[in-house]
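S.K.: Heads up: the sequence shown begins at 1 in full-length UniProt numbering, then just goes up one per residue. Backbone N, C-alpha and C fix where the C-beta goes; we use that ideal spot for every residue, glycine too. I have a structure here, written as structure tokens, and I will follow up with some questions on it.
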Amino acid sequence: MGSVDREAERKMVFRYGGTPAEFRNNGNSRANFVFTHSPEDNNIEYSRKGGCFVSICRGISIAVLIFVFIFFMSFTIFFSTKYAYEHKPNITLEDFLNHRAYLIDKRSRIPKHVIPKHYRLFLQPTFNETATPFTYSGVVWITVTSKKHNSKRIELNVKNLNIRMEDVTVLKSIRLTNADFDEDLDWDLSEEDIMTWGLHRRKRRQVVGNETEVEAVVEEEGGGVTSTTVDSNSGGEVLDEDYEENATVIDKSVFYHHPVFPPDDFVTIKILDLEFDESNEKMIIYLGTEMKKDIYYIVKVNFTGNMTNDKGLYWTHYEDGEGSHKFIAATVLEPNNARKLYPCMDDHNFRSPFEINIARKVNMNTASSMKFEMSEPMENEAVVVDTYNTTGMVRASEIGFIITDMTPERYELTEKVHLIAYTRNRYDNYLKEIVSVFAAVMNVYEDYMRMNFPYDSIKYVTIPNTESSVREIKEGMILSSEKRLIKDETYFPTPDGTLLRIISNELAKLWIHNLADYKNKEMHWLHESIPLYMESIALRKLNNNSFDMDDFLLEGKLRAMQEETNVKTSPLNVLTNPWEEDAHFELVRFKGLSLLRMMNYTLGEETFDAFIREYFSRRMNNDSIDIIEILNNNNRHTDATFNSFLHSWTNFEKYPIIEIGRNNYSGHFELRQRMIPFEEEISEQIWTIPVTFINDTNKQLFMEKVRWLVDSNNLLTIETSCEMITNNTWVIVNPSGIGYYRVNYEVAHWTRLAHVLNSNFRTLPYSTLTTIVDDALNLARLGLLDYSIAFNVISFLRKNDELYQPWKSALDNLKFIYEALEDHPSYVHVEHFLEFLITKKYENNFTETADSRNPLISSLLVEWACRLGVAACIEDQKRMFREIFVEGTSSPFQFSEDDLFQATCVVVKYSGVNEWKLVRERFLNSDDINLQKILVKALGCTREISLIKKTIALLKDPLFSLYNCQILSSISHNKIALKYTLDYLFNEWIDVRSYLSLQDVSILLRKISTENEFAMYEQIFFRYSRTFQTMDKEILKRMRDTIMKLLRWKREIGPKINYQQFIFDV
């Protein structure tokens, strides 16, 4: 037996307790082997061969070590991965935009499952009376509920506010449930009762003691003027003695204090952590316990902030003829800047009731979009708290209020509506003169709507020393820049008719303000566009100059169509967060207005007006409406064609292009439609289009019946009488410009139109000329028309001295190709045509008498003559600059803002260091925000590298920070400055992002127009890719798409641009 067999037998003995011989005698079967006797302990031999023999304690210790090891490895992997993503390796722009591996950053939006149900806001501003002037402190109580379990965080929007962890408290309500609220989120008084526990019930109080009275002038019916007194501590509204709203005076026996929450009904929730996500402008509250579904919580936040000269709580000082500075603070919150004022859920999806309490000094006044309720003193006798009634369902940015030294005055507009104006006393007489304009517009609207204005009073606040573009419409309240309404020698002049347009637009927006249908978002376009339609009605009724209304209607439509050509847009019935993009807002408004005008023309004015009135009537009482249902009401009926028309124009993107061809056999014109080229990811869309036209035998607008180019066969034939068919026969489709589409003709037809316009353009309507000019240049831009033909079509403008809008449309479109082709070989053709169009016209324009030329056209000619380097124009601008800034013989406010910027920019561009320093010095010495904006923008016109460096350095200067957008905009239009700035960004990106947002920088990057500039943009991203967040993706993608679209246009269309002048008959 070998050694291997002996070893095997030995193992069997150990395992079965017998001898090897016994094992063999049993047939070598383990199953048959049994013990014949019990072995003695002393005879058993033990040996350890493999296995794991451990004690229980040791086993537990090993298990614990294994668990610790696994936990440590998991911890290491998690944080190493998190660090790797937060400090991700350099990647290309395309990788960032197209790959989701890097999209793990936090969401920028507030979660929708935590819903705000009520706000109570207390705010106490401080002007110049403390060591921390122009700040404010406040407290907000937000009642929220969660629509799902297991939520342990509450997110609020916050920007530039000071909040500590001890300033935040979260209370869980034991008593409040969903039963205390209506299903449609309308506010129920149950929660208000809870919020005011511990407070004395608010009752009308009697006059106690001697109160200070101020005297104000109130214009009575019939033009008489009487004196009216008002308690200076009552919230500041100057009202007559019978006015119920301000019957309350201060009861000094009761002090104001914040609400108290009894511990029997409210439980304090532990807060684990407070995180500030500055990139997404959020504050995240981490709770120690989970929020329960449909249980109500109250989030209390104490906060402080700084008043601003931009958005948030805007403040400024002013003089009012008394030699001392006075102050005003006003909310400027639209579209999403409520987060700069107080912690809130600043999202258009959330609407809640608000209760506002404003602390003020006893010698100041407050006003709010809500009605005044009561005043209570604080324990500090010099401070009073004004409380305003709870609002309806509004967004966080829709509240509005002011704190001011101004004394309000009350004017009668109609028998039932009064204007309560907050203006400087020096402008009282001017305000009395323009009250008649308010009254006239109000009467037009009430006559058209056949109903009374929805408010019994309008609070109108003029904010001094702010940009003329500042304007916010609240419920029953208008906050507006003083420069929009007031004419003064210290303000830039405004064109005639501007005041009527401003008032008409503001009153129309105020009328429809509380009718917004946020639940039925498909109809939001209607809410945005109806005020523009109402404005057009007021202009038609009250303005004798028809060109003003045509300019208003055409310019907005053409701007909207241009925006749709430039960027990807959405259909009208898709609401894509318009509160964050002004361009999208304007697009929806004017595209919607065009749709309303097409509806008016196809339905007939009587039917359409009845539709508008019924829309208002129904929206007063219902949350949502249906257009077709209203149109079919009261024995009216719309056919399938109209229904298809409405569906296509609200559901399709962009706009169609109608192509017109001549049938050589019949001589008739055939119309077909096509989509816009250069567009990706758009499915085939066929519109139902209302078509109108004029021809060589009938040039009157609105005389031809509407015809339909329907989607069934995509063909419409315009028949021409056989006797009238000649080579000179022509037709112009969409002559009124009502249709939201473009029209492209055959080359021979365009050539014929060019000769018609050159021979006698004045026989065609104003809107027709503008539409032809805009269509020709935009179709050439899309590659559907040769640029040489388009240039000849618009060359009739050399003979046009009166009609502004055709000139404006032409030069706006020419500006695109002029700037895009500056480094392209085809640039010489563009420059040649512009010299042909502008130079001679500029020289002739200023040899004519002032009465024979349109000042708006003159301003355009000056701008382009200087841009083309016409020596006479440059010298004229230098002379104007010397008169204003050197000799002081002229005031800058004698000129329009555009003319002043033009002169200043030309001088900075063609001069040197001294002029640049002079402009900078005048900026520092001025306190007019609009003049400062012009001057600082002109600094970016310089072409000297040393001055470009200084201009860029201004972006870091706190004195210029308010005007960063103006500086960047000016640099972006300056090719030399843009190229240098891109190099600067490549080297100093980290530092630049410390004082500029990506949205600011995008002003520059959107103007990239060459392959080299785009390569630099990509290198900047690659080098600093770790600094970009997910929320930057949309901005980056939009910039990339805009640049790529332009570069593609330059490659495909640029080389084809040329100019061969037609020989026209004299």
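Using the C-alpha atoms, what's the distance from E564 back to E659?
M.R.: For the pair E659 and E564, the Cα-to-Cα distance works out to about 19 Å.
S.K.: Quick check on the burial criterion: 16 or more other C-beta atoms within 10 angstroms. Buried or exposed for F69?
M.R.: exposed
S.K.: Going by beta-carbon coordinates alone, are N930 and S480 separated by less than 8 Å?
M.R.: no
S.K.: Under a three-way DSSP split, which group does Y984 fall into?
M.R.: Here Y984 sits in helix by DSSP.
S.K.: In the DSSP output, what is H749 paired with across the bridge?
M.R.: Answer by DSSP bridge pairing: none, since H749 is not bridged.
S.K.: Roughly how many angstroms separate the alpha carbons of M291 and K152, rounded to a whole number?
M.R.: Spanning the two alpha carbons is a distance of roughly 6 Å.
S.K.: Suppose only complete runs of 4+ residues qualify. What are the alpha helix (DSSP H) ranges in the stretch 922 to 967, listed by chain order?
M.R.: For the alpha helix (DSSP H) assignment, the uninterrupted runs of no fewer than 4 residues enclosed by the stretch 922 to 967 are, from N- to C-terminal side, 929 to 939 and 945 to 953.
S.K.: If you check the beta carbons only, do F276 and F1028 fall under 8 Å apart?
M.R.: no
S.K.: Leaving out five residues before and five after S826 in sequence, what residues of the same chain have Cβ atoms less than 6 Å from its Cβ?
M.R.: G1054 and I1057
S.K.: Consult DSSP for L65 and reduce its assignment to one of helix, strand or coil.
M.R.: helix
S.K.: Using a Cβ-Cβ cut-off of 8 Å (strictly less than) and excluding sequence neighbours within five positions of C965, which residues of its own chain qualify?
M.R.: D1000 and I1003
S.K.: Quick check on Q1061: buried or exposed, where buried means 16 or more other Cβ atoms within 10 Å of its Cβ?
M.R.: exposed
S.K.: Does the distance from the CB of W916 to the CB of I857 come in under 8 Å?
M.R.: no
S.K.: Does the beta-carbon of F645 have 16 or more other beta-carbons within 10 angstroms, so that it is buried, or is it exposed?
M.R.: buried
S.K.: Is V301 near V114, with beta carbons less than 8 Å apart?
M.R.: no
S.K.: Quick one: using the 10 Å Cβ neighbour count with 16 as the cut-off for buried, is G888 buried or exposed?
M.R.: exposed
S.K.: Which ranges does the alpha helix (DSSP H) cover as unbroken runs of at least 4 residues, wholly within the UniProt domain "Aminopeptidase N-like N-terminal" (273 to 391), from first to last along the chain?
M.R.: For the UniProt domain "Aminopeptidase N-like N-terminal" (273 to 391), not a single whole alpha helix (DSSP H) run of length 4 or above is found.
S.K.: Return helix, strand or coil for E670, following the three-state DSSP convention.
M.R.: strand
S.K.: What is the DSSP secondary structure of P806, reduced to helix, strand or coil?
M.R.: Three-state DSSP puts P806 in a helix.
S.K.: Work out the CA separation of M880 and K474 for me, nearest whole Å.
M.R.: Inter-residue distance for K474 and M880 is about 42 Å (C-alpha atoms, whole angstroms).
S.K.: Can you tell which of G321, S324, T331 and R613 has the C-alpha that lies nearest to the C-alpha of W315?
M.R.: T331
S.K.: Do you know how far the Cα of Q124 is from the Cα of L341?
M.R.: Going by C-alpha positions, L341 is about 12 Å away from Q124.
S.K.: Report the partner residues of S173 according to the DSSP bridge assignment.
M.R.: F266
S.K.: What whole-angstrom Cβ distance do L93 and F1021 have, given they're in contact under 8 Å?
M.R.: 5 Å
S.K.: If contact is defined by three or more beta carbon pairs under 8 Å, each pair taking one atom from either stretch, is the stretch 493 to 509 in contact with the stretch 427 to 444?
M.R.: yes
S.K.: Kindly confirm or deny that the stretch 423 to 431 and the stretch 383 to 391 touch, where touching means at least three C-beta pairs closer than 8 Å.
M.R.: no
S.K.: Helix, strand or coil for residue 1118 per DSSP?
M.R.: Because the chain is modelled from 1 through 1066, residue 1118 falls outside the range shown and cannot be assessed.
S.K.: Go ahead and label Q700 buried or exposed: buried means 16 or more other beta carbons lie within 10 angstroms of its beta carbon, across all protein chains shown.
M.R.: exposed
S.K.: Got a sec: is the Cβ-Cβ distance from K1056 to anything in chain C below 8 Å?
M.R.: No chain C appears in this structure, which consists of one protein chain only.
S.K.: Less than 6 Å between C-beta atoms, sequence neighbours within five positions excluded: which residues of the same chain meet that for Y256?
M.R.: E376, M378 and V385
S.K.: Can you tell me which of I630, A538 and S529 puts its alpha carbon nearest to the alpha carbon of M598?
M.R.: For M598, the nearest C-alpha among the options comes from S529.
S.K.: Looking only at its chain, what residues have a beta carbon closer than 7 Å to the beta carbon of V908, apart from the 5 residues adjacent to it on each side?
M.R.: E915, W916, V919, A938, L939, C941 and T942
S.K.: Can you tell which of V793, F923 and K815 has the C-alpha that lies nearest to the C-alpha of S759?
M.R.: V793
S.K.: So, at 8 Å on beta carbons, what are the nonlocal neighbours of S890 in its own chain, with the 5 sequence-adjacent residues on each side left out?
M.R.: M880, E883 and I884
S.K.: Assign E684 to one of three DSSP states: helix, strand, or coil.
M.R.: Annotated three-state conformation of E684 is coil, per DSSP.
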